[in-house]
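Chemist:
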Ligand code: NAP
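Residue numbers (the numbering used here): 8 to 523.
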């Protein structure tokens, strides 16, 4: 039997009561490690995190906590080779795809480390200026933000075991709030290993960081009113969580990042083969293939003027045909595996569902696997679908198939295009391609209400733009409506979730002494 990963709870490494379940290599099919979190005393462990971890973190200033994050970033950096090995084995990703997760995590932690330095040696944050409540100005009101005195529980998705943990943990720890991470079971190894490295190095105070591997029962029952819960995963699980008493009765603050039908839109007026057209083609192929399309931000719907439909289909398909698929250990392979057999089955079922309303423009099944046994490896070639009537294609706008697939759709004019993008009912990101700055800015504003982020690509930023799917810590991540309604990152905005805002009413001298 393979090694059992330990949980870290109550300041100790603890094993679950049972032998647990296996985590697998999705390319070779071999079991790698086991996880189990049954029988843990969650109430005691959570109390330790709140009291010991939270207390120790809150005794530090923002600058000091920022320094801890900088140390964490350096530590993770020094161990990165081991993380790449785990990612390759447990997520089936090629090096470039593992980097999106691992380097993205490290960059995010180090960014919040620097933000901490800028916040200085304080224990609370001011929220706006004081407002007079008395005519002579002797009495007034000032809002402050203070760290929540609960813990932050993160229930994460399988596709970003590293970044998914740290993009939440960095702002929480900077805020002074202890973290309990529950990575998705299938790929929990990388998150557990990163936590283990940080704990073993003694960088953070006891209780500041805990990890639970597997699916502990009663997880949400252990939450208390001042805790916060950040969930990333499917809309179905999100709905279950929203209805739990921790949320409905105890008012635990909840952030949800769920699935999303992200779009790419080539604005009218661009010819086939123009720079804007080529930028769209390149970005679409990148988004479809990075991490085998298992990115919450991946482009699922591609909108082009109807007269460019065939040219776009041809250009995207030609690039997709060159994508090599198979064992990520083979250097000639560009795209590795999906994360598990469950994901591969879900992908194939999803394709069948979408095909009812779409034609096949590039068939992923035509990609022979390199260095991998098709009967074992959870690999799938990239598939481009096309749907010439986007108005009637409800499945294309409603169903997120979590793998290397996207659908090309034509539009008649600008308003028609923007209306079709909105059919996603709230998305994480849409990217716009064009060369007319005014038209791009107008379209970005028009789509801003139903997206967390609008990524605009014009020829002048061809070499410098950060990519449709890359989530930068400086920008907001999340989306309204079906994307979950959550908000993460966005620089210091992320700290709001881990703070409580209160109005302090007092005389001018007291108000002045509250916060910077
Ligand atoms: P999932 O099946 O919903 O699982 C997500 C997490 O919830 C896992 O840790 C899972 O644990 C846990 N979970 C499942 N049932 C639960 C319950 N009843 N109570 C508490 N926790 C529960 O989603 P997934 O398949 O891992 O992730 C894929 C989805 O995530 C996609 O739809 C993708 O779009 C979305 N996603 C969104 C973002 C974003 O930022 N918006 C980022 C990444 C992924 P177990 O693994 O132990 O079952």
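Quick reminder that beta carbons are idealized off the backbone N, C-alpha and C, glycines included.
1) Rounded to the nearest angstrom, how far is the Cβ of residue 308 from that of residue 268, given a contact under 8 angstroms?
2) For the region 495-509 against the region 175-183, do three or more pairs of beta-carbon atoms, one drawn from each stretch, fall closer than 8 angstroms, so that the two count as touching?
3) Contact between the region 209-222 and the region 66-81 is defined here as three or more beta-carbon pairs at a separation below 8 angstroms; is this criterion met?
4) Less than 7 angstroms between the CB of residue 269 and some heavy atom of ligand 1, yes or no?
5) What do you reckon, is the C-beta of residue 136 under 7 angstroms from a heavy atom of ligand 1?
6) Give me the Cα-Cα distance between residue 367 and residue 391, rounded to the nearest whole angstrom.
7) Give the secondary structure of residue 13 by DSSP, where H, G and I count as helix, E and B as strand, and everything else as coil.
8) Would you mind working out which of 249, 85, 370 sits nearest residue 325, comparing C-alpha positions?
9) Taking the DSSP output, what are the residues bridged to residue 217?
10) The alpha helix (DSSP H) that contains residue 284, what's its start and end?
11) Compute the minimum distance between the beta carbon of residue 250 and the heavy atoms of ligand 1, and state whether it is under 7 angstroms.
12) Measuring from the CB of residue 494, is there a heavy atom of ligand 1 at a distance below 7 angstroms?
13) From the DSSP secondary-structure annotation, give me the bridge partner or partners of residue 418.
14) Could you give the distance in angstroms between the alpha-carbon of residue 19 and the alpha-carbon of residue 352?
15) For residue 393, tell me which candidate among 387, 403, 384, 386 has the shortest Cα-Cα distance.
16) Using CA atoms only, rank isn't needed, just tell me which of 355, 99, 236, 442 is closest to residue 53.
17) For a test of your reading of the model: does the CB of residue 5 fall under 7 angstroms from any non-hydrogen atom of ligand 1? Yes or no.
18) Please confirm if the region 20-32 is in contact with the region 58-74, defined as three or more CB-CB distances below 8 angstroms between the two stretches.
19) The beta strand (DSSP E) spanning residue 7 covers which residue range?
20) With a threshold of 7 angstroms (Cβ to nearest heavy atom), would residue 86 be considered close to ligand 1?
21) So, for residue 544: in the same chain, excluding its five sequence neighbours on each side, which residues have a beta-carbon less than 6 angstroms away from its beta-carbon?
22) At the level of alpha carbons, what is the spacing between residue 522 and residue 150?
23) Within the region 218-279, note down every full alpha helix (DSSP H) run reaching 4 residues or more, in order along the chain.
24) Tell me which same chain residues have a C-beta within less than 8 angstroms of the C-beta of residue 85, skipping the five on either side of it?
25) Could you say which of 485, 94, 166, 304 lies nearest to residue 201 if we only look at CA atoms?
26) Which residue's Cα is closest to the Cα of residue 245: 233, 227, 231?
27) Is the closest heavy atom of ligand 1 to the C-beta of residue 385 under 7 angstroms?
28) Please tell me whether, using a cut-off of 7 angstroms, the distance from the CB of residue 192 to the nearest non-hydrogen atom of ligand 1 is below it.
29) Write down the C-beta distance between residue 496 and residue 506 rounded to the nearest angstrom, noting that I regard them as a contact closer than 8 angstroms.
30) Can you have a look at residue 340 and say buried or exposed, based on whether 16 or more other CB atoms are within 10 angstroms of its CB?
31) Report the three-state DSSP secondary structure of residue 32 (helix, strand or coil).
32) Between which two residues does the alpha helix (DSSP H) harbouring residue 447 extend?
33) Looking only at its own chain, which residues have a Cβ that is under 6 angstroms from the Cβ of residue 379, when we skip the five neighbours before and after it?
34) Rounded to the nearest angstrom, what separates residue 458 and residue 388 at their Cα positions?
Modeler: Let me lay it out:
1) Translated into positions along the chain shown, residue 308 becomes position 301. Translated into positions along the chain shown, residue 268 becomes position 261. Contact between residue 308 and residue 268 holds: their C-beta atoms lie close to 6 angstroms from each other, under 8 angstroms.
2) A contact between stretches requires three or more CB pairs, one per stretch, nearer than 8 angstroms, and the region 495-509 meets this requirement with the region 175-183.
3) Contact holds: three or more Cβ-Cβ distances are below 8 angstroms.
4) As a first step, residue 269 must be located in the chain shown, where it is residue number 262. No, ligand 1 has no heavy atom inside 7 angstroms of this Cβ.
5) Indexing the chain shown from 1 puts residue 136 at position 129. A distance criterion of 7 angstroms places the beta-carbon of residue 136 beyond contact range of ligand 1, judged by its closest non-hydrogen atom.
6) Counted from its first residue, the chain shown places residue 367 at position 360. Counted from its first residue, the chain shown places residue 391 at position 384. Whole-angstrom Cα-Cα distance: 6 angstroms.
7) As a working mapping, residue 13 is identified with position 6 in the chain shown. It is coil, neither helix nor strand.
8) In the chain shown, the residue the question calls residue 325 occupies position 318. Per the Cα distances, 370.
9) For the purposes of this step, residue 217 is taken as the residue at position 210 of the chain shown. In the DSSP output, where bridge partners are listed per residue, residue 217 has 187.
10) By one-based count along the chain shown, residue 284 stands at place 277. Run containing residue 284: 282-296, per the alpha helix (DSSP H) assignment.
11) Along the chain shown, read from residue 1 onward, the residue named residue 250 stands at position 243. No - ligand 1 has no heavy atom lying nearer than 7 angstroms to the Cβ of residue 250.
12) If you number the chain shown from 1, residue 494 lands on position 487. No, the beta carbon of residue 494 sits no closer than 7 angstroms to any heavy atom of ligand 1.
13) On the chain shown, residue 418 is found 411 positions in, with the first residue counted as 1. Paired residues: 312.
14) In the chain shown, the residue the question calls residue 19 occupies position 12. In the chain shown, the residue the question calls residue 352 occupies position 345. Between residue 19 and residue 352, the C-alpha separation is close to 38 angstroms.
15) On the chain shown, position 386 is the one that residue 393 refers to. Checking every option, the nearest Cα to that of residue 393 belongs to 403.
16) On the chain shown, position 46 is the one that residue 53 refers to. Per the Cα distances, 236.
17) Past the edges of the chain, shown from 8 to 523, lies residue 5, and the structure says nothing about it.
18) Because the criterion of three Cβ pairs below 8 angstroms is not met, the region 20-32 and the region 58-74 do not touch.
19) This structure cannot speak to residue 7, because the chain is shown only from 8 to 523.
20) Your numbering for residue 86 matches position 79 in the chain shown. No, the beta carbon of residue 86 sits no closer than 7 angstroms to any heavy atom of ligand 1.
21) The displayed coordinates of the chain run from 8 to 523. Any statement about residue 544 would go beyond what the structure contains.
22) Residue mapping note: residue 522 aligns to position 515 of the chain shown, counting from 1. Residue mapping note: residue 150 aligns to position 143 of the chain shown, counting from 1. Taking the straight line joining both Cα atoms gives about 10 angstroms.
23) Fully enclosed alpha helix (DSSP H) runs of 4 or longer: 242-249, 252-255.
24) In the chain shown, counting from the first residue as 1, residue 85 sits at position 78. Closer than 8 angstroms at Cβ, skipping near neighbours: no residue.
25) Along the chain shown, read from residue 1 onward, the residue named residue 201 stands at position 194. Just measuring C-alpha positions, the residue of 485, 94, 166, 304 sitting nearest residue 201 is 94.
26) Locating residue 245 in the chain shown gives position 238, where the first residue counts as 1. Comparing Cα-Cα distances from residue 245 to each of 233, 227, 231, the minimum goes to 227.
27) Counting from one through the chain shown, the residue named residue 385 turns up at place 378. Answer for residue 385: no, Cβ out of range of ligand 1.
28) Reading the chain shown from its first residue, position 185 is the one you call residue 192. Within the chosen limit of 7 angstroms, ligand 1 reaches the beta carbon of residue 192 through at least one heavy atom.
29) Within the chain shown, the letter at position 489 stands for residue 496. Within the chain shown, the letter at position 499 stands for residue 506. Rounded, the Cβ-Cβ distance is 15 angstroms, inconsistent with contact.
30) The residue labelled residue 340 in the question sits at position 333 within the chain shown. Residue 340 is buried by the Cβ-count criterion.
31) The count along the chain shown starts at 1 and reaches residue 32 at position 25. For residue 32, the three-state secondary structure derived from DSSP is coil.
32) Numbered from its first residue, the chain shown carries residue 447 at position 440. Looking at the DSSP string, the run of the alpha helix (DSSP H) that includes residue 447 is 444-455.
33) As a working note, residue 379 is residue 372 in the chain shown. These residues qualify, in order along the chain: 34, 333, 334, 386.
34) Numbered from 1 along the chain shown, position 451 holds the residue referred to as residue 458. Numbered from 1 along the chain shown, position 381 holds the residue referred to as residue 388. Each residue's Cα considered, the two are about 29 angstroms apart.
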